[in-house]
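These notes are about the structure you will find just below.
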Amino acid sequence: MSWVDETRGRLGFGCMRLPGGGGSAGYREMERMVDAFLAAGFNYFDTAHVYHGGKSETALRECLVKRHPRESFFIADKLSTENWRREGEIDALLDAELDALGVDYLDMLLMHAQNASTYEKYQRAHAYEHAAAFKAAGKTRHVGISFHDTPDVLERILDEHPEIEAVQIQFNYADFENGAVQSLGCYEVCERRKIPCIVMEPLKGGGLVNLPAAAQDVVDGIPNPEGLSNAGLALRFAASYPNNAIVLSGMGDSAQMADNIASMRDPEPLTDEQKEGLGRIRDVFRELGMVECTSCHYCTDGCPKQIMIPEMLGCLNSQRVFGGWNPGWYYSNSLVGEGRGRARDCIGCGLCERACPQKLPIRDLLEEVSAAFD
Ligand code: SF4
Ligand code: SF4
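Take any residue in the sequence shown, note its place counting from 1, add 6, and you have its number in the working numbering.
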């Protein structure tokens, strides 16, 4: 049976922006949100040990697990690279996550933030084998990955790990064909392999809610007979693609939850005209300075400092154009260290710029990256 058959509705409660930062001061509001979410017919909760410094898991234990029957909710938790250094630490970490949540089993364990670099660490530590053993012991019902890289990297991981049941991808109308994210390309890999997707960042960390004025003008011109909010349009864009089984939203209060529930209660696909309208917003983002990196990686092979150039330019885009998402966290936890240079380590040799087909001023852009994230 597919894990999708165990979920209800297509909206997922992303627990990384909880009221009160996941602390006990936010529990009453969180309880209201949990109850409203379940009452509206949804059951998918997404957390990670790294969210709110561990408080996301304990908030779920207090506000969900202790108050509702286990079979009434579906919990996804993650094995995150920053929580372990050696293979010998993995099993104890996974058991600690069960304890923090107060459950005997997870519904989904996701290998967190997989990209070409982090994947190597997971491989060296046999992390996928540890996840399989965790599942065989009945401690998770399903295993998947959350993914931040290009379709060819995704193909490789799925070839090497056919046991993967779900892929969490970044998918929103801004990143739809963005070279650094390639939402559509990753979606198509999963669809072809019949692996259901979980969508993260459908609102680009809130960047598609409070739009720049020029982008809002475009949205206001899109036919919108249901009166969907900016967030609602973005959620429905992701839900318009049928292999996106779950669309996560990091809801922070009851008002956001009510809006998200209203938009996703009966998620009819957007019309072509609506999708084309949202597509025009990408032109606005370009005018705002989005770096046109296509993530071809031609620049990275020769870099003596092993700097993850396209991924860092993606962080810059997140900050410049969208004023949000979590680029600082991603930069520090997935892009640097273990032999990979920081932006400030660039020695200005220029090899990358000679290789770049887009003729991007990579050295200048890395200075901006360094100022923002180092
Ligand atoms: S200029 Fe900097 S980023 Fe480019 S190849 Fe040289 S060290 Fe790497
Ligand atoms: S070569 Fe240019 S376009 Fe390609 S990934 Fe590097 S910076 Fe981006």
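The beta-carbon is built from N, C-alpha and C at its ideal position, and this holds for glycine as well. Small disclaimer: the values here were computed from a predicted structure and weren't measured.
{"Query": "Segment limits, alpha helix (DSSP H) that includes Met36", "Result": "33 to 45"}
{"Query": "Burial state of Arg348, where buried means 16 or more other Cβ atoms lie within 10 Å", "Result": "buried"}
{"Query": "Buried/exposed call for Arg242, threshold 16 Cβ in 10 Å", "Result": "buried"}
{"Query": "Which listed residue (Arg286, Ala143, Phe19) has its alpha carbon closest to that of Ala180", "Result": "Arg286"}
{"Query": "Residue range of the unbroken alpha helix (DSSP H) whose run includes Phe177", "Result": "No alpha helix (DSSP H) contains Phe177, which DSSP labels as neither H nor E."}
{"Query": "Proximal residues to Phe153 (C-beta, below 7 Å), its chain only, five neighbours per side dropped", "Result": "Gln120, Leu160, Val173, Gln174, Ile175, Cys192"}
{"Query": "Which listed residue (Thr156, Val253, Cys299, Ala133) has its alpha carbon closest to that of Cys358", "Result": "Cys299"}
{"Query": "Unbroken stretches of the alpha helix (DSSP H), 4 residues or longer, contained in the region 190 to 259", "Result": "219 to 226, 236 to 245"}
{"Query": "Cβ-based burial, His132 [other Cβ within 10 Å; buried from 16]", "Result": "exposed"}
{"Query": "Cβ-heavy atom distance, Tyr337 to ligand 2, below 7 Å", "Result": "no"}
{"Query": "CA-to-CA distance, Glu37 to Leu70, given in whole angstroms", "Result": "7 Å"}
{"Query": "Residues near Glu63 by beta carbon distance below 6 Å, same chain, minus five either side", "Result": "Thr53, Ala106, Leu107"}
{"Query": "Near ligand 1: Cys358 beta-carbon under 7 Å from a heavy atom", "Result": "yes"}
{"Query": "Exposure label - Ile163; buried when at least 16 CB within 10 Å", "Result": "buried"}
{"Query": "7 Å CB neighbourhood of Val40 in its chain, flanking five on each side removed", "Result": "Cys69, Leu70"}
{"Query": "Cβ neighbour criterion (16 or more within 10 Å) applied to Gly258", "Result": "buried"}
{"Query": "Sequence ranges, beta strand (DSSP E) only - wholly within the region 59 to 123, length at least 3", "Result": "80 to 85, 114 to 120"}
{"Query": "Three-state secondary structure assigned by DSSP to Leu294", "Result": "coil"}
{"Query": "At least three beta-carbon pairs within less than 8 Å, the region 264 to 275 to the region 323 to 341", "Result": "no"}
{"Query": "8 Å contact criterion, which Val205 and Phe177 should meet: CB distance rounded", "Result": "4 Å"}
{"Query": "Counterpart residues of Arg2 in DSSP-defined beta bridges", "Result": "The structure shown has nothing for residue 2, since the chain only spans 7 to 380."}
{"Query": "Pro316 versus Glu373 - alpha carbon distance", "Result": "14 Å"}
{"Query": "Continuous alpha helix (DSSP H) stretch holding Ser383: start and end", "Result": "Residue 383 lies beyond the range of the chain shown here (7 to 380); nothing can be said about it."}
{"Query": "Three-state secondary structure assigned by DSSP to Tyr304", "Result": "coil"}
{"Query": "Cβ-heavy atom distance, Lys311 to ligand 1, below 7 Å", "Result": "yes"}
{"Query": "Local Cβ density within 10 Å of Asp307, reported as buried at 16 or more and exposed below that", "Result": "exposed"}
{"Query": "Beta-carbon proximity list for Asp11, same chain, < 7 Å, skipping 5 on both sides", "Result": "none"}
{"Query": "Straight-line gap, Gly356 to Arg369 (C-alpha atoms, nearest Å)", "Result": "7 Å"}
{"Query": "Beta-carbon spacing of Leu17, Phe51 below 8 Å", "Result": "no"}
{"Query": "C-beta atoms of Asp380 and Arg350 nearer than 8 Å", "Result": "yes"}
{"Query": "Alpha-carbon to alpha-carbon, Glu93 and Asn236", "Result": "43 Å"}
{"Query": "Sub-8 Å separation of Arg147 and Tyr125 beta-carbons", "Result": "no"}
{"Query": "Leu17, DSSP secondary structure in three states", "Result": "strand"}
{"Query": "Spatial neighbours of Gln280 in its chain, beta-carbon cut-off 6 Å, leaving aside the 5 residues before and after", "Result": "Ile228"}
{"Query": "Cβ-heavy atom distance, Pro316 to ligand 2, below 7 Å", "Result": "yes"}
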